[in-house]
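To keep things clear, I will list the structure first and then write my remarks on it.
Residue numbers (the numbering used here): 1497 to 2013.
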């Protein structure tokens, strides 16, 4: 992290006053200078009392820089949701760039619900959010206090910023929907509060992350009552596991040496509460439509499956039985081989009908504690000889391999193994020869995710939308025909999750997620 000494920039007329043209950067630079810093500064002051000049400069900066705040409206755009404890509420500022990162989290959550990740990358979104936590102290303080409220056992413990970013990415929508009423009811912070927060920003950013919670009371009391000592003693500590943290350009320029007083607090940002409400309504409408469509589809499949079971299974049984009888007394090897092929084809047709029945009416899962990492390793071991013969490199990665409990869930072991096996076999068939398959397991607070990424051909938008439909042909894209991915979808749904297939720049990623407590 480099710190540059910057001179005042009088060219940017952000703050204009009758007879006085001076920028907010210049005023902020004046505020941060000690008495007698330079002859030039003394000439600018023309005031014997340095503290009085600082007060005048602070007032002018607030009036000039925040004249448009109240006209834009501060509720829901310039502050985070109220932090509540013991019937009292405190407010913290929301920087525009932090609002953009949180908006990306909201949009990414909607995309993942519909397409297992959508056009946005969840991992990149969480990494961006972690970067904002490192660059925006009030956002980190807000997240830590809300985490404590959601997880009381975290009192007086240490929380890593990366872990906090993962939690915040899952809780963002709930926090902004829950905090909407508090935002509407509370009085908006005054311009002086935003000025004070900007000063605290520059000071706090110079401190290690581990000391930010020590300064949290000062942040909260700017726009709230005095912080109770009982509550303060239960606050968690922030820890940054990164060896070297590089602040973004905005945070770096906000250091006192750089002469900028803050990251744009009070300048108005995205209305995250309104965005969260809109996305929730959109998701509810989409889910209702998808539920109705799926119900109609399953009803049609049940009728088809029952008809096929009655009309085709009986003839298939007769064909298989007769072929086996003829094969027993046949001495000609070629004729015996042909009869055995007839028997195998009849059994395969019977299995296809059974798979269709499974999709239309899947059995109730028999749940037990399942180590998904061990289950995935078993599947990889099963297909390894086939992959070696086809020159396909297959790899299993567990992002939580140091925490075995994180990858252990209540599920039907056989159904889950069938789903993972179907995902891997679909990738093997897509790759063909000389390629790579990556099987990855990861845990989120409320779900376990299984990703199978391959280097095979991609999918068109139409093929991706119908990838989980029974017997939808994906041969033109190099994908198999049948009920393999349909089985994955049904297993995921019976376990409280879902499935999606994503077309990447190179290859495809099949994603399945299940509920995990």
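C-beta: ideal position from N, C-alpha, C; glycine also. Just so we're clear, the structure is a prediction, and the values are computed from it rather than from any experiment.
{"Query": "Contacts around residue 1894, its chain only, beta-carbon distance under 7 Å, and the 5 residues preceding and following it disregarded", "Result": "1869, 1903 and 1937"}
{"Query": "Residue 1994 in three-state terms, based on DSSP", "Result": "strand"}
{"Query": "Meets three-Cβ-pair contact criterion under 8 Å: the segment 1691 to 1701 and the segment 1659 to 1668", "Result": "no"}
{"Query": "Cβ-Cβ separation, residue 1994 to residue 2011 (assumed contact under 8 Å), whole Å", "Result": "The pair is not a contact, with the Cβ atoms about 10 Å apart (cut-off 8 Å)."}
{"Query": "Straight-line gap, residue 1736 to residue 1793 (C-alpha atoms, nearest Å)", "Result": "50 Å"}
{"Query": "Between the CA atoms of residue 1837 and residue 1918 - distance to the nearest angstrom", "Result": "25 Å"}
{"Query": "Euclidean distance between Cα positions of residue 1784 and residue 1575", "Result": "33 Å"}
{"Query": "Assigned secondary structure, residue 2008 (DSSP; H/G/I helix, E/B strand, else coil)", "Result": "strand"}
{"Query": "The segment 1848 to 1860 contacting the segment 1800 to 1809, beta-carbon criterion three pairs below 8 Å", "Result": "yes"}
{"Query": "8 Å contact criterion, which residue 1990 and residue 1923 should meet: CB distance rounded", "Result": "At roughly 23 Å, the Cβ-Cβ gap does not stay under 8 Å, so residue 1990 and residue 1923 are not in contact."}
{"Query": "Inside the segment 1758 to 1839 only - alpha helix (DSSP H) runs reaching at least 4 residues", "Result": "1768 to 1824"}
{"Query": "Short Cβ contact (7 Å threshold) for residue 1933 with residue 1914", "Result": "no"}
{"Query": "Cβ neighbours of residue 1590 in the same chain (closer than 7 Å, five flanking residues each side left out)", "Result": "1574, 1575, 1576 and 1765"}
{"Query": "Residue(s) in a DSSP beta bridge with residue 1720", "Result": "DSSP lists no partner for residue 1720."}
{"Query": "CB-CB length for residue 1650 against residue 1643, believed under 8 Å", "Result": "6 Å"}
{"Query": "Touching by the beta-carbon criterion (3+ pairs, under 8 Å), the segment 1815 to 1833 and the segment 1855 to 1864", "Result": "no"}
{"Query": "Through-space distance from residue 1959 to residue 1790, alpha-carbon basis", "Result": "18 Å"}
{"Query": "C-alpha distance - residue 1746 paired with residue 1761, whole-angstrom precision", "Result": "At residue 1746 the pLDDT is 46, less than 50, meaning the model places this residue with poor confidence and gives no usable figure here."}
{"Query": "Residue 1715 at chain B interface by Cβ criterion, 7 Å", "Result": "Note that chain B does not occur in the displayed structure, where there is just one protein chain."}
{"Query": "Whether residue 1584 touches residue 1685 by CB criterion (7 Å)", "Result": "no"}
{"Query": "Own chain residues within Cβ distance below 6 Å of residue 1879, not counting five before or after", "Result": "1920"}
{"Query": "Environment of residue 1901 [buried if 16+ CB atoms lie within 10 Å]", "Result": "exposed"}
{"Query": "Any non-hydrogen atom of the ligand MG closer than 6 Å to residue 1714 Cβ", "Result": "This structure lacks the ligand MG; in fact it carries no ligand of any kind."}
{"Query": "Simplified DSSP state of residue 1931, which is helix, strand or coil", "Result": "strand"}
{"Query": "Inter-residue Cα distance where the pair is residue 1954 and residue 2004", "Result": "5 Å"}
{"Query": "Inside the segment 1845 to 1897 only - beta strand (DSSP E) runs reaching at least 3 residues", "Result": "1864 to 1867 and 1888 to 1894"}
{"Query": "Nearest candidate by alpha-carbon position, reference residue 1718, set 1982, 1587, 1940 and 1631", "Result": "1587"}
{"Query": "Under 7 Å between C-beta atoms of residue 1633 and residue 1726", "Result": "no"}
{"Query": "DSSP three-state assignment for residue 1574, whether helix, strand or coil", "Result": "coil"}
{"Query": "CA-to-CA distance, residue 1768 to residue 1598, given in whole angstroms", "Result": "8 Å"}
{"Query": "Secondary structure of residue 1902, DSSP reduced to three states", "Result": "helix"}
{"Query": "Straight-line gap, residue 1972 to residue 1703 (C-alpha atoms, nearest Å)", "Result": "The pLDDT assigned to residue 1972 is 43, lower than 50, so where the model puts this residue is not dependable, and the model offers no usable value."}
{"Query": "From 1620, 1621, 1638 and 1600, residue whose alpha carbon lies closest to that of residue 1578", "Result": "1638"}
{"Query": "Rounded separation between residue 1847 and residue 1812 - CA only", "Result": "11 Å"}
{"Query": "Per-residue DSSP class, three states only, for residue 1623", "Result": "helix"}
{"Query": "Local conformation of residue 1965 per DSSP, three classes", "Result": "coil"}
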